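Numbered per the working numbering, the sequence shown spans residues 2 to 389.
Report on one structure; see the data block that follows.
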Amino acid sequence: MNTMEKFDKHVMHSYKRYPLVMQKGEGRRCTDENGKIYIDFGSGIGTNSLGYCDEKWSDAVCRQVRTLQHSSNYYYTGVQAEFAEKLCETSGYDSVFFGNSGAEANECAIKIARKYSFDKYGKNRHNIITLVNSFHGRTMATLSATGQDVFHNYFFPFLEGFINVKANDIDDLKSKLDDTVCAVMLEYIQGEGGVNALNQDFVNAVYELCEEKDILVIADEVQTGAGRTGKFLAGEHFGKKADITTMAKGLAGGIPIGACLTNEKCSNVLSAGAHGSTFGGNPIACAGGIAVLERINSDGFLDEVNEKAVFIRKELEKCSEIESVSGIGLMIGIKLKTKKASDVAQKALEKGLLILTAKDKVRLLPPLTISMEELGDGIKILRDILEE
Ligand SMILES: *Cc1c(COP(=O)(O)O)cnc(C)c1O
Numbered sequence: 002m003n004t005m006e007k008f009d010k011h012v013m014h015s016y017k018r019y020p021l022v023m024q025k026g027e028g029r030r031c032t033d034e035n036g037k038i039y040i041d042f043g044s045g046i047g048t049n050s051l052g053y054c055d056e057k058w059s060d061a062v063c064r065q066v067r068t069l070q071h072s073s074n075y076y077y078t079g080v081q082a083e084f085a086e087k088l089c090e091t092s093g094y095d096s097v098f099f100g101n102s103g104a105e106a107n108e109c110a111i112k113i114a115r116k117y118s119f120d121k122y123g124k125n126r127h128n129i130i131t132l133v134n135s136f137h138g139r140t141m142a143t144l145s146a147t148g149q150d151v152f153h154n155y156f157f158p159f160l161e162g163f164i165n166v167k168a169n170d171i172d173d174l175k176s177k178l179d180d181t182v183c184a185v186m187l188e189y190i191q192g193e194g195g196v197n198a199l200n201q202d203f204v205n206a207v208y209e210l211c212e213e214k215d216i217l218v219i220a221d222e223v224q225t226g227a228g229r230t231g232k233f234l235a236g237e238h239f240g241k242k243a244d245i246t247t248m249a250k251g252l253a254g255g256i257p258i259g260a261c262l263t264n265e266k267c268s269n270v271l272s273a274g275a276h277g278s279t280f281g282g283n284p285i286a287c288a289g290g291i292a293v294l295e296r297i298n299s300d301g302f303l304d305e306v307n308e309k310a311v312f313i314r315k316e317l318e319k320c321s322e323i324e325s326v327s328g329i330g331l332m333i334g335i336k337l338k339t340k341k342a343s344d345v346a347q348k349a350l351e352k353g354l355l356i357l358t359a360k361d362k363v364r365l366l367p368p369l370t371i372s373m374e375e376l377g378d379g380i381k382i383l384r385d386i387l388e389e
């Protein structure tokens, strides 16, 4: 049996996969088992933030594998301490809980919000407002939080306590922000929902109303964080810092990681035994995370991300098939006039370019380290497809 046949036989069919067996990667290109090379504008859904097998990152990870691959959270490790320190310094947060995925980071945020409110106000202030068209993960709680009906199937009963508000609708927000609410959870740019940024007025309203009522703001920066938008956190574009911010995807450069960051107000909510994760803060993941943070914090790195974002957006604007380009920085949504995003992704694959889709849009999340030349090469392929 070949790889695809083995998959079909033994791996659950929960994903619709492209017919590509990926074998290795280097820089911003990867190679399939037949030796065909692809430019990667998807980064494994924004995870391989430094591209494939970046030298310094690989060295740091391999060194850690050979030193100490895991230790339970019954003990301290220097590498988790260093990553936590760097992450808090870079993000401006007070403390962090580490898990292994975005969903896990959001689970932690949900638990902190509910316990914060329970400790201070008692029962019946447990509702969390999430936005229509949001995406927060696939576990039962994060699926319940996700404001898309397509996900609310099969797995009944879902968790109680999530109320959906229309994104950018301040009146809807006001009408639902009653004294049963402990938190508002939002993505500054809805990723899976179609790369749609919230508008500043709505974000301002969320923060003002929440502040008045001691309701926490949770920013899900699983996709937007770690330099993706040209700032370390997307909240910086809006001049906001949530009480709780969750990160994952690109944070450790392609190793499973989840981080739930809190400000001082929420840092002591989780007491010993209140939450846990066997692999959370795993030394290999932390070593990868340190390498990512060192790169993002290196001189001019985010400036370059911004320059690349300006360049790619300008190039895309020249394409007549493109209706509009959304998102911020290197988180890019492309609305097409006539073509179907999924057809474009399929054709791009055939021509050696990996891209993503989100709802009816083409979505690009290129590695932050991509060069102008590689961007140019990828855009050329994309434009050829769109204009044919
Ligand atoms: C991907 C994503 C998640 C889920 O992350 P997993 O690591 O797949 O659990 C949650 N929120 C947002 C905004 C995401 O983009």
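The beta-carbon is built from N, C-alpha and C at its ideal position, and this holds for glycine as well.
In this text, all values refer to a predicted model and were calculated from it rather than measured experimentally.
Best match in the options for proximity to residue i [C-alpha to C-alpha]
i	options	result
A206	R229, G240, G194	G240
D55	K25, N264, I216, L262	K25
A243	K250, T4, A235	A235
R64	P284, D221, F99	P284
N169	L337, I335, K232, Y189	Y189
D120	D215, H71, D150	D215
I333	V345, D344, V311	V311
E34	N3, H14, S59	N3
N74	L144, N101, E209, G277	G277
A275	F42, L21, E108, D41	E108
Residue i versus residue j: straight-line alpha-carbon distance, rounded
i	j	result
G123	Y39	55 Å
S135	G377	32 Å
K348	I386	7 Å
G328	L187	15 Å
V326	I313	10 Å
N264	D95	5 Å
E388	K17	27 Å
K315	G162	43 Å
I335	V363	5 Å
M23	Y117	44 Å
E213	L174	14 Å
G45	A249	13 Å
A142	K319	43 Å
Q70	V80	11 Å
Y76	I219	29 Å
F152	I164	15 Å
H137	K177	20 Å
V66	L252	18 Å
V345	L357	10 Å
N154	S145	10 Å
Short Cβ contact (8 Å threshold) for residue i with residue j
i	j	result
L354	Y19	no
N128	T181	yes
E324	K340	no
I245	F203	no
A104	T68	no
A359	E193	yes
E295	R29	no
G330	N298	no
I382	L317	no
For residue j and residue i, believed in contact at Cβ under 8 Å, the rounded distance
i	j	result
V133	V166	7 Å
Q191	N197	5 Å
T247	C261	5 Å
G100	Q224	Not really, about 16 Å apart at Cβ, beyond 8 Å.
T32	F233	That belief does not hold up - the Cβ atoms of T32 and F233 are roughly 31 Å apart, past 8 Å.
Any contact between the stretch 363-381 and the stretch 50-69? By contact I mean 3 or more CB pairs, one from each, below 8 Å.
yes
Evaluate contact between the stretch 290-304 and the stretch 81-90, counting only Cβ atoms and requiring at least three cross-stretch pairs below 8 Å.
yes
Taking one C-beta from the stretch 67-86 and one from the stretch 274-288 each time, how about it: are there three or more such pairs within less than 8 Å?
Three or more Cβ pairs drawn from the stretch 67-86 and the stretch 274-288 lie within less than 8 Å of each other, which places the two stretches in contact.
Can we say the stretch 109-122 touches the stretch 268-283, given the rule of at least three CB pairs closer than 8 Å?
yes
Should the stretch 293-309 be called in touch with the stretch 217-229, which here means at least 3 C-beta pairs below 8 Å?
yes
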